[in-house]
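First up is the structure itself, then whatever we jot down about it.
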Amino acid sequence: MRPERITQLQPGDSGGKGPVIYWMSRDQRTSDNWALIHAQNLALDRKRPLVVAFCLAPSFLGAAIRQYGFMLRGLKEVQKDLETRGIPFILLAGEPGREVPRLMEETKACHLVSDFDPLRVKRQWKEEVGREVSVPFTEVDAHNVVPCRLASEKQEYGAYTIRPKINRLLPEFLETFPRRRRHPFPWTKRVPRIDWDGLISTLRVDRRVPEVSWITPGERAAKRVMKGFIGRKLAGYSETSNDPNAGSQSDLSPYLHFGQISAQRVALEVVGSGPGGESVDDFLEELVVRRELADNFCFYNPSYDRFEGFPRWAAETLDHHRGDERPYIYSREDFDQARTHDRLWNAAQMEMVARGKMHGYMRMYWAKKILEWSPSPEEAIETAIALNDRYELDGRDPNGYTGIAWSIGGVHDRAWGERPIFGKVRYMSEKGARTKFDVEEYIKGNLGE
Ligand code: FAD
Ligand code: FO1
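Counting from 1 along the sequence shown, just add 253 to a position and that's the residue number in my numbering.
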């Protein structure tokens with residue numbers, strides 16, 4: 254395992270006689286999980302039990318039952334898989350800053366391992382936990398092929414430097430995973446039983462955004478979807494992945510967001526699936542470069558979800574056009590209810606509300622129109638994030654904050670011809686969309702009209 258994946262958050266002393274604990278959060282899977290692999294290596298070296306704990310936060314960035322249901326059903330599978338390997342799974346509930354240190358105390362744990370996540374809320378959780386625990390606390394980047402802390406060298410907009418760097422490092426880091434192992438040092442304490450179905454039905458979260466049924470949560474389903482994509486869709490990815498009617502995206506983002514599948518596993522399978530070519534390159538550009546660029550942006554830019562996070566050229570041009578006449582202005586409610594004058598935009602909003610996954614091309618159009626029809630860029634980014642994180646299964650993710658910042662604030666993009674409201678931020682129009690795909694078919698499919 255490449256040492257660059259590991260960061261010692263705090264040295265601590267060797268700690269109690271108890272287990273090694275892997276505090277699982279972003280990478281909710283038992284296979285191809287570098288954080289779990291590292292935690293098990295530590296426990297094997299110390300001849301100690303290994304315990305995996307997940308802390309269920311009372312709320313998470315506007316997530317509703319749609320997202321919590323998907324996550325909990327996936328965690329139920331994680332628990333079962335771990336138990337077959339002699340590794341207990343403990344579900345904590347409450348603020349991680351309190352619950353994780355309490356578990357460390359109760360079990361006299363000797364080492365704490367966490368996975369990597371650039372989001373502000375996650376870094377706060379880790380700071381709180383770090384203050385309370387005195388044993389060694391190690392973080393492992395199990396999400397990125399090229400570890401985020403290595404790829405970026407403090408470049409927050411470095412699309413042009415990071416892309417070549419990731420591509421150069423990819424062959425070294427696209428390593429295969431060791432086989433999953435049973436754990437020989439048993440945990441003899443009682444493990445609280447988890448009533449998963451009871452939890453899902455009683456959880457106090459917004460239930461107005463219902464779970465979806467077109468996608469099955471969990472590690473096994475994720476692997477099936479990956480195999481299906483490689484077998485049936487990958488070959489045509491370059492030509493049709495920008496056509497929302499073609500259904501040729503992988504549909505892996507909900508699984509990647511919840512860590513129910515490893516992007517590295519997907520990349521290994523894609524590379525190993527055949528001779529390569531344009532579609533493979535295009536897909537890996539998205540799966541590895543764009544996705545890891547997003548983690549980098551959120552990690553190094555504290556304002557990743559605000560106007561202040563935009564590159565200077567974009568902030569200046571948007572400032573310059575604040576006073577422009579805005580023929581259409583919509584409120585958060587208008588957007589939420591898909592009550593705009595634009596049938597194509599309304600269709601995209603309805604696809605997201607109904608299905609929990611808007612097509613990638615339409616997300617760009619969707620966010621850019623929110624800029625065009627909002628009183629200010631600040632209100633636009635707020636509206637886009639709120640709706641994205643409320644309805645998307647894959648929302649509340651670095652990809653989302655970066656995708657919205659790309660669309661509204663030119664992050665990782667360049668200046669284009671100047672125009673009202675957008676200034677030099679790239680513009681997108683329905684006319685442009687009509688050159689790419691059958692807009693009427695997409696509207697009919699999502700608005701029924
Ligand atoms: P595929 O085309 O099959 O791509 C495979 C994987 O590559 C994706 O799962 C994702 O991990 C990665 N990827 C693809 N496109 C991008 C991209 N533009 N940026 C970063 N990674 C990418 N993605 C999310 O995961 N969550 C979000 O909340 C989200 N919000 C977005 C909002 C806007 C305004 C924009 C422009 C993009 C957003 N994206 C988001 C990125 C992208 O649209 C989705 O990742 C993609 O549509 C997911 O579907 P898929 O897995 O079937 O895509
Ligand atoms: N991570 C946790 O550690 N605990 C949670 O209770 C939790 C809830 C949650 C709900 C919706 C969602 O989209 C993500 C959620 N996450 C939670 C975080 C998730 O695992 C990812 O780590 C990040 O959202 C992606 O960076």
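Glycine included, C-beta positions come from ideal geometry on N, C-alpha and C.
- The alpha carbon of residue 318 has as its nearest neighbour, out of 455, 330 and 273, the alpha carbon of 455.
- DSSP assignment within the stretch 366-396 yields the following whole beta strand (DSSP E) runs of 3 residues or more, N-terminal first: 390-393.
- About 6 Å separates the beta carbons of residue 664 and residue 563, which is inside the 8 Å limit, making them a contact pair.
- Judged by beta-carbon spacing, residue 271 lies within the 7 Å limit of residue 360, meaning their Cβ atoms are closer than that value.
- Between residue 516 and residue 509, the C-beta gap is smaller than 7 Å, which places the two residues in contact.
- As far as DSSP is concerned, residue 614 takes part in no beta bridge.
- In the structure shown, the three-state DSSP call for residue 447 is coil.
- Cβ neighbours of residue 632 within its own chain (closer than 8 Å, five residues either side excluded): none.
- According to DSSP, residue pairing for residue 277 in a beta bridge involves 307.
- Inter-segment contact for the stretch 475-492 and the stretch 669-684 is absent: fewer than three beta-carbon pairs are separated by less than 8 Å.
- For residue 513, there is no enclosing beta strand (DSSP E), since its DSSP letter is neither H nor E.
- In the three-state DSSP reduction, residue 337 falls in the coil class, being neither helix nor strand.
- Non-local beta-carbon contacts of residue 258 in its own chain, meaning distances under 8 Å to residues more than five positions away in sequence, involve 287, 291, 393, 394, 395 and 400 in chain order.
- Exposed is the label assigned to residue 594, since fewer than 16 other Cβ atoms lie within 10 Å of its Cβ.
- The DSSP-derived three-state label of residue 316 is coil.
- DSSP, read as helix, strand or coil, puts residue 342 in strand.
- At least one heavy atom of the ligand FAD lies less than 6 Å from the C-beta of residue 648.
- Residue ranges of uninterrupted alpha helix (DSSP H) with 4 or more members, entirely inside the stretch 436-505 and ordered along the chain, are 449-455, 472-481 and 490-493.
- According to the DSSP assignment, residue 259 belongs to the beta strand (DSSP E) that extends over 259-263.
- In this structure, DSSP gives residue 676 an extended state, which the three-state scheme calls strand.
- Annotated as proximal: residue 630 and residue 571, with beta-carbon spacing under 7 Å.
- Assignment of residue 573 by DSSP, reduced to helix, strand and coil, places it in the helix class.
- Per DSSP, the continuous alpha helix (DSSP H) segment holding residue 656 begins and ends at 651-662.
- Within its own chain, the residues whose Cβ lies closer than 6 Å to the Cβ of residue 277, once the five positions on either side in sequence are excluded, are 305 and 307, listed in chain order.
- When the beta-carbon positions are compared, residue 546 and residue 638 stay at least 7 Å from each other.
- For residue 273, the closest C-alpha among the options 493, 391 and 650 is that of 391.
- Relative to the ligand FO1, residue 513 has its C-beta separated by 6 Å or more from all heavy atoms.
- By the CB criterion at 7 Å, residue 410 and residue 558 fall outside the cutoff.
- For residue 464, the closest of 680, 320, 310 and 635 by C-alpha to C-alpha distance is 320.
- Within the DSSP secondary-structure output, residue 665 pairs in no beta bridge.
- Taking C-alpha positions only, residue 634 is separated from residue 584 by approximately 13 Å.
- Sequence-distant Cβ neighbours of residue 299 in its own chain, meaning closer than 8 Å and more than five residues away, are 273, 363 and 364.
- For residue 594, the three-state secondary structure derived from DSSP is coil.
- DSSP lists 273 as the bridge partner or partners of residue 364.
- The stretch 325-345 and the stretch 366-375 do not touch, with fewer than 3 CB-CB distances between them shorter than 8 Å.
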